[in-house]
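Accompanying notes for the structure given below.
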Amino acid sequence: MTGLPFPSVRADSRAPAGTVGLPDQLGRVARDLRVSVTDRCNLRCRYCMPAEGLPWLAKPEMLTDDELVRVIGVFVGLGVQQIRLTGGEPLLRRSLVDVVRRVARLEPRPRIAMTTNGIGLDRLAQPLADAGLDRVNVSLDTIDPQEFADLTRRDRLHDVELGLKAAAAAGLTPVKVNAVAMRGINDHSVADLLQWCLDRGYELRFIEQMPLDAQHGWDASTMISAQEIHERLEERFELTPLPAADRGSAPAERFLVNGGPVTVGIIASVSAPFCAACDRTRLTADGQVRNCLFSQKETDLLGPLRDGASDEELGALIQGEMWRKLPGHGIGTADFVQPDRPMSAIGG
Numbered sequence: 015m016t017g018l019p020f021p022s023v024r025a026d027s028r029a030p031a032g033t034v035g036l037p038d039q040l041g042r043v044a045r046d047l048r049v050s051v052t053d054r055c056n057l058r059c060r061y062c063m064p065a066e067g068l069p070w071l072a073k074p075e076m077l078t079d080d081e082l083v084r085v086i087g088v089f090v091g092l093g094v095q096q097i098r099l100t101g102g103e104p105l106l107r108r109s110l111v112d113v114v115r116r117v118a119r120l121e122p123r124p125r126i127a128m129t130t131n132g133i134g135l136d137r138l139a140q141p142l143a144d145a146g147l148d149r150v151n152v153s154l155d156t157i158d159p160q161e162f163a164d165l166t167r168r169d170r171l172h173d174v175e176l177g178l179k180a181a182a183a184a185g186l187t188p189v190k191v192n193a194v195a196m197r198g199i200n201d202h203s204v205a206d207l208l209q210w211c212l213d214r215g216y217e218l219r220f221i222e223q224m225p226l227d228a229q230h231g232w233d234a235s236t237m238i239s240a241q242e243i244h245e246r247l248e249e250r251f252e253l254t255p256l257p258a259a260d261r262g263s264a265p266a267e268r269f270l271v272n273g274g275p276v277t278v279g280i281i282a283s284v285s286a287p288f289c290a291a292c293d294r295t296r297l298t299a300d301g302q303v304r305n306c307l308f309s310q311k312e313t314d315l316l317g318p319l320r321d322g323a324s325d326e327e328l329g330a331l332i333q334g335e336m337w338r339k340l341p342g343h344g345i346g347t348a349d350f351v352q353p354d355r356p357m358s359a360i361g362g
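Below, the structure written as C-alpha cells:
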C-alpha cells in the first residue's frame, strides 16, 4: 500500500435509473479517461515527492493487465473516446506495450495518448506506436542540466532528450512538452524552454503548479501564475490568443507564437480553472475511480471486479461516481482540502 488512507466506496453510489454515458448533475459528460498504470516513478521531482520516494503499491493491490483492459473497455462502452496512460511513470509497467495493443483493439477504438517523463522512451517509442499509441506528452520543466538534476534529483536530462527525439521519429505527433514553472527554480528560463521546443518542433504547454505533492508543502505564494508565464514569454515572443471557441474542453489556452503556425499553451489550473468544461475522469492503478483530480473520495472497482461483478455492475459504479462530480476543485476557497493521495498515486 501507499501508506495513505485507502479510498472508500461512496454510500450513495447510484446514478439515476436509465442513465446513459457518464454525465454529472451539471450536464458535463466524461469522454476522456486518465489511467494510472503504476504509482512508481524513476524521478524524485521536488514538487511531487520526497527524495526517498514513497511506499509503492504491492503488485497484488494493482489491476492486472486483464483487469485493466476490461475496466477500460467498460469506460469505452460508456462513451469514453480518449484514453491517456499515466503514472507515476507509465513506462515502468513492463507490460505497457501489450496493454496499449489490447486497448487499441477495443470497439469503438479510442484515441490513446500517454504522459511520461521520457526516460526509456527512446527504446519504447516505436514499439508503442506500432501497438497503437497515437500521441505522447513528455514532462520537462527545464533544459538546463544542473536545474534538471536539482529539480528531479536525477541526472537524466539526456535520456529525456533521446526519448523526445524517438517519439517524433516514431510519429507520436504532435509531441507535446508539459512544463511547470516554479518561483526561484526555473521561472527565469520559461522563454528559453519555449525557444528550445520551437527549434525541435515540440509543442510546449505550461501548467500552473497544483497542490498535489506528497509532502503537502504547496504554497500559492510560490506558484507562478498563468499571467506571469504569459508576461515572461512576451518579453521575447509575440503571443496571439486563438479564439476561445476553438478551445472546447481542452485545458490549455493556446497562443500563436510570432504569428504562427506554431502555438504555445498555458494551463491555468489554479488561477482560472476549466472545471465548467471538464470532460475527464480517472482510474488509479489500484482500481479506484476518481471524478476529479482533487476529489476527497473514490469508488472502488477492484473489490467488486474480483468478487465477480459484471460489466453492467461496474458501469453502474462508474456512473454513480461521475454523477456526484462537484462544480469545481475549490482551490483557493476556505474549505479546500488537499487530497490525501499525491499526483504519483492518482495519475496526471
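Just add 14 to the spot in the sequence shown (first one is 1) and you have our numbering.
C-beta: ideal position from N, C-alpha, C; glycine also.
For clarity, every value in this text was computed on a predicted model and none was experimentally measured.
Contact check, residue i vs residue j, beta carbons under 8 Å
| i | j | result |
| --- | --- | --- |
| Ser109 | Asn131 | no |
| Gln223 | Val194 | yes |
| Gly334 | Thr313 | yes |
| His244 | Leu256 | no |
| Asp112 | Arg294 | no |
| Val204 | Leu171 | no |
| Ile332 | Val88 | yes |
| Tyr216 | Leu176 | no |
| Val83 | Arg116 | yes |
| Ile133 | Val174 | yes |
| His343 | Phe308 | yes |
| Thr129 | Arg168 | no |
| Asp148 | Ala181 | no |
| Gly301 | Arg48 | no |
| Asp201 | Ile238 | yes |
| Val94 | Leu208 | no |
| Trp337 | Ala29 | yes |
| Val114 | Ala299 | no |
Residue span of the alpha helix (DSSP H) that contains residue i, given as start and end
| i | result |
| --- | --- |
| Ala183 | 171–183 |
| Ala205 | 204–214 |
| Pro255 | Where Pro255 is concerned, there is no enclosing alpha helix (DSSP H), although the beta strand (DSSP E) it sits in stretches over 253–255. |
| Leu47 | Where Leu47 is concerned, there is no enclosing alpha helix (DSSP H), although the beta strand (DSSP E) it sits in stretches over 46–50. |
| Leu247 | 240–248 |
| Met336 | 325–337 |
| Gly91 | 79–91 |
Residue i - containing beta strand (DSSP E), residue span
| i | result |
| --- | --- |
| Leu270 | 267–271 |
Three-state secondary structure (DSSP) of residue i
| i | result |
| --- | --- |
| Ala291 | helix |
| Thr298 | coil |
| Phe220 | strand |
| Gln96 | strand |
| Ile281 | strand |
| Met15 | Below a pLDDT of 50, predicted positions are generally treated as unreliable, and Met15, at 35, falls in that range; the measurement from the model is reported next regardless. The answer is coil: DSSP assigns Met15 none of H, G, I, E or B. |
| Val43 | strand |
| Lys190 | strand |
| Pro37 | strand |
| Arg260 | The question names Arg, yet the displayed sequence has Asp at residue 260. Three-state DSSP puts Asp260 in a helix. |
| Asp314 | strand |
| Arg108 | coil |
| Arg304 | strand |
| Val23 | Because Val23 carries a pLDDT of 45, less than 50, the predicted location of this residue cannot be relied on, and no value is offered for it. |
Check: residue i C-beta below 7 Å from any heavy atom of the ligand GTP
| i | result |
| --- | --- |
| Leu142 | The ligand GTP is absent from the structure shown, which contains no ligand whatsoever. |
The stretch 44–58 in contact with the stretch 97–112 per 3-pair CB rule at 8 Å: yes
Every unbroken alpha helix (DSSP H) within the stretch 110–134, with a cutoff of 4 residues, ordered by chain: 110–118
Sufficient close CB pairs (3 or more, under 8 Å) joining the stretch 109–126 to the stretch 61–72: no
Beta strand (DSSP E) runs contained entirely in the stretch 139–175, provided each spans 3 or more residues: 149–153
Inter-stretch contact (C-beta, 8 Å, three-pair minimum) for the stretch 311–326 and the stretch 263–275: no
Segment contact, 8 Å Cβ cut-off, at least three pairs: the stretch 183–192 with the stretch 159–172: no
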